[in-house]
Amino acid sequence: MRVTPIAMLAAASAALVLGPPVSASTLTANQACYIEGFNIGLIGAGFTPSGGISLSGDQIALSGSALADGSFQAPVAAPQLGTSKPATKTFTITATDQTTSATATVDVQVATAVFATSTGFKSPRASRTWTFSGLFQKPGKPIYGHFRHNGKTYANYRFGVPQGPCGTLRRKAPGIPAKKIPAGTWRVQVDFERSYKPKATPRLTGSTTVITTFR
Numbered sequence: 038m039r040v041t042p043i044a045m046l047a048a049a050s051a052a053l054v055l056g057p058p059v060s061a062s063t064l065t066a067n068q069a070c071y072i073e074g075f076n077i078g079l080i081g082a083g084f085t086p087s088g089g090i091s092l093s094g095d096q097i098a099l100s101g102s103a104l105a106d107g108s109f110q111a112p113v114a115a116p117q118l119g120t121s122k123p124a125t126k127t128f129t130i131t132a133t134d135q136t137t138s139a140t141a142t143v144d145v146q147v148a149t150a151v152f153a154t155s156t157g158f159k160s161p162r163a164s165r166t167w168t169f170s171g172l173f174q175k176p177g178k179p180i181y182g183h184f185r186h187n188g189k190t191y192a193n194y195r196f197g198v199p200q201g202p203c204g205t206l207r208r209k210a211p212g213i214p215a216k217k218i219p220a221g222t223w224r225v226q227v228d229f230e231r232s233y234k235p236k237a238t239p240r241l242t243g244s245t246t247v248i249t250t251f252r
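Residue numbers 38 to 252, in this note's numbering, belong to the letters of the sequence shown in order.
Written as structure tokens, this is what we have:
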């Protein structure tokens, strides 16, 4: 009857003398959101020292080596979203240790840096739906639209404060919020400045055309 407990103790003892546990691999990103096409800063730790690392994901395929402490830093281009409209999307990136096959993943959010308005022939003063994405560089600050015609600023319009990690916003606002609206091509610049500054950073630009109709 005592043979069984002795065998169990021996098995348990054998399990206790196994080598120390390997540190879990980790993969993180250096910010909450990225503009498509711009670099994502990836930071890895807990991989095989000086061992090979491969990075994979949607539109991502890269390989390299970890440092002597098992860490690495790698810039990879943020995937394209495949749209010219304001949008955000979450992508998963995986780092694989080529020595042990251990993996670590991180989810990153990517945005287009654009703005758009709802379409349709309307009075330029009529309300439209404005949407924005990719304006996360100055958290808590409102964005403004600067409406210009023939080199003159006719209006500086406050749209509101972009929300979330990717700086998105949806607002109802006039197509052109100006008192006087001459026909022709209008330039629209969106940024974080109260008044028009041609070199404001970051900035988004677009244009719209006002035509004169006859009844």
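All residues carry an ideal CB built from backbone N, CA and C; glycine is no exception. The structure presented is a predicted model; accordingly, all values stated were derived computationally and were not measured.
Considering residue i, what are the terminal residues of the beta strand (DSSP E) in which it resides?
| i | result |
| --- | --- |
| Q110 | F109 to A114 |
| V227 | G221 to D228 |
| I180 | I180 to H186 |
| I248 | Premise fails: I248 is in no beta strand (DSSP E) and is neither H nor E. |
| T65 | T63 to A66 |
| R208 | L206 to P211 |
| G94 | G89 to G94 |
| C203 | Unbroken run through C203: none, as it is neither H nor E. |
Use the C-beta contact count for residue i: other C-beta atoms within 10 angstroms, 16 or more gives buried, fewer gives exposed.
| i | result |
| --- | --- |
| R185 | buried |
| Q226 | buried |
| A220 | exposed |
| F169 | buried |
| G94 | buried |
| P112 | exposed |
| V59 | With a pLDDT of 48 at V59, under the threshold of 50, the modelled position of this residue cannot be trusted; read the value that follows with caution. Flag for V59 reads exposed. |
| S148 | Note that residue 148 is Ala in the sequence shown, not Ser. With 16 or more Cβ atoms within 10 Å of its Cβ, A148 is classed as buried. |
Determine the direct distance from the alpha carbon of residue j to that of residue i, and round the result to whole angstroms.
| i | j | result |
| --- | --- | --- |
| Q110 | A141 | 14 Å |
| T238 | A105 | 39 Å |
| T131 | P123 | 26 Å |
| L79 | T65 | 6 Å |
| C70 | D144 | 10 Å |
| P179 | S155 | 21 Å |
| A82 | T63 | 5 Å |
Where does residue i sit, in a helix, a strand or coil, going by DSSP?
| i | result |
| --- | --- |
| F84 | coil |
| F196 | strand |
| T162 | With the sequence shown as reference, residue 162 is identified as Arg, and Thr is not the correct amino acid for it. Three-state result, R162: coil. |
| Q135 | coil |
| K217 | coil |
| F152 | strand |
| G243 | strand |
| T127 | strand |
| T238 | coil |
| Y233 | coil |
| K189 | strand |
| D262 | Look at the range of the chain in this structure, 38 to 252, and you will see that residue 262 is not part of it. |
| G157 | coil |
| A98 | strand |
CB-CB under 7 Å to residue i, same chain, minus the five flanking residues each way: which ones, in chain order?
| i | result |
| --- | --- |
| K217 | Y191 |
| T85 | A103, G107, D134, T136 and T137 |
| R231 | Y181 and N193 |
Going along the chain, which residues of its own chain have a beta-carbon closer than 6 Å to the beta-carbon of residue i, five neighbours each way excluded?
| i | result |
| --- | --- |
| A215 | F184, Y191 and A192 |
Between residue i and the rest of its own chain, which residues show a CB-CB distance below 8 Å, the 5 nearest in sequence each way excluded?
| i | result |
| --- | --- |
| F75 | A114 and A115 |
| M38 | Confidence at M38 is low in this model, with a pLDDT of 34, below 50, so its placement is unreliable and the value that follows should be read with caution. Hits under 8 Å: none found. |
| I248 | A220 |
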